[in-house]
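A quick write-up on the structure given underneath.
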Amino acid sequence: MKSLLKIIILVVLCIPNLYAQKQLDSLQSELRKSTVDTQKIVLLQKIMVQYRRSNSEKHFEYISQGLELSEKLSKTQDLGIFLKELGLYHKNKGNLDSALRYYEKSREIFLPNSDSTNFHSVSYSMGNLKKAQGNYEDAIQSVSYTHLRAHETRH
């Protein structure tokens with residue numbers, strides 16, 4: 268009975284990983300075949316998210332490709348998304364100063380482009396990083412500013 272239970276648990280735990288790998292393989296195949304640069308940007312974003320928690324080096328590789336292509340095509344909004352992701356990469360690596368720098372760069376893109384969702388998301392991330400650094404006053408100021416901007420955009 269215990270052996271059967273162990274097998275069932277193993278199968279249940281493996282199925283999501285197999286599905287995720289199949290989805291990732293499919294996205295990478297689409298990326299290799301794609302000839303449209305704007306479609307490549309979308310695929311790079313999807314792939315980088317898949318690698319976010321599982322493989323930091325691949326995560327960084329796809330962020331870098333996305334940054335390069337976004338800059339080449341002058342796709343400002345996508346550039347902001349890749350910069351935000353680069354901030355997350357550095358946060359996960361423990362490079363909090365670098366993470367803040369990339370978050371700030373992405374926030375500078377999101378604000379004038381009226382992307383309130385990404386602006387607020389990255390601003391909260393900045394507040395959390397400042398708190399992690401022990402910079403509580405700046406953390407409170409960052410989150411307060413975000414609340415103020417959120418309130419302004421609703422009205």
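Each step along the sequence shown adds one to the number in our numbering, with nothing skipped, and position 75 is 342.
In this text, a Cβ means the ideal position worked out from N, Cα and C, and glycines have one as well.
Subject >> Span of the alpha helix (DSSP H), counted from its first residue to its last, around D345 >> reply: Locating residue 345 in the sequence shown gives position 78, counting from the first residue. Counting along the chain, the alpha helix (DSSP H) containing D345 begins and ends at T343 to K360.
**OP:** Using three-state DSSP, classify T302 as helix, strand or coil.
**Re:** Taking the sequence shown and counting its residues from 1, one reaches residue 302 at position 35. Here T302 sits in coil by DSSP.
**OP:** Decide yes or no for the touch test of the region 376–393 against the region 333–353: beta carbon pairs closer than 8 Å, at least 3 of them.
**Re:** Yes, the region 376–393 touches the region 333–353.
**OP:** Figure out for me which residue from V316, Q408 and K313 has the closest Cα to the Cα of N395.
**Re:** Within the sequence shown, residue 395 is the residue found at index 128, counting from 1. Checked all of V316, Q408 and K313; the closest Cα to N395 is Q408.
Subject >> Of the listed residues Y369, Q290, V303 and E335, nearest to K313 (C-alpha basis) >> reply: Residue mapping note: residue 313 aligns to position 46 of the sequence shown, counting from 1. For K313, the nearest C-alpha among the options comes from Q290.
Subject >> Coil, strand or helix - L340 by DSSP >> reply: Numbered from 1 along the sequence shown, position 73 holds the residue referred to as residue 340. L340 carries a coil assignment under DSSP once its states are collapsed to helix, strand and coil.
Subject >> Cα-Cα separation, E419 to S296 >> reply: To locate residue 419, count along the sequence shown from 1; it is residue 152. To locate residue 296, count along the sequence shown from 1; it is residue 29. So the two alpha carbons sit approximately 43 Å from each other.
Subject >> Residue range of the alpha helix (DSSP H) that includes L396 >> reply: Start at 1 with the first residue of the sequence shown, and residue 396 comes out as number 129. Taken as a continuous stretch (DSSP letters only), the alpha helix (DSSP H) holding L396 covers S383 to A399.
Subject >> 7 Å Cβ shell around K307 - same chain, five flanking residues per side excluded >> reply: Residue mapping note: residue 307 aligns to position 40 of the sequence shown, counting from 1. In its chain, beyond the 5 residues on either side, L298, S301 and L336 have a beta carbon closer than 7 Å to the beta carbon of K307.
**OP:** Quick one: grab the DSSP three-state call for R319.
**Re:** Within the sequence shown, the letter at position 52 stands for residue 319. R319 falls in the coil class under three-state DSSP.
Original post:
In whole angstroms, what separates the C-alpha of G361 from that of S390?
Top reply: Here residue 361 corresponds to residue number 94 of the sequence shown, with the count starting at 1. Here residue 390 corresponds to residue number 123 of the sequence shown, with the count starting at 1. The alpha-carbon separation between G361 and S390 amounts to approximately 18 Å.
**OP:** Label K339 either buried or exposed according to how many other C-beta atoms from any shown protein chain fall within 10 Å of its C-beta, with 16 as the threshold for buried.
**Re:** What you label residue 339 is simply residue 72 of the sequence shown in a count that begins at 1. Exposed is the call here.
Original post:
By Cβ distance below 8 Å, which residues in the same chain neighbour Y412 in space, the five residues on each side in sequence not counted?
Top reply: Translated into positions along the sequence shown, residue 412 becomes position 145. Hits under 8 Å: S390.
Original post:
If you run the structure through DSSP and keep just helix, strand and coil, what is L378?
Top reply: Here residue 378 corresponds to residue number 111 of the sequence shown, with the count starting at 1. Under the three-state reduction of DSSP, L378 is assigned to coil, being neither helix nor strand.
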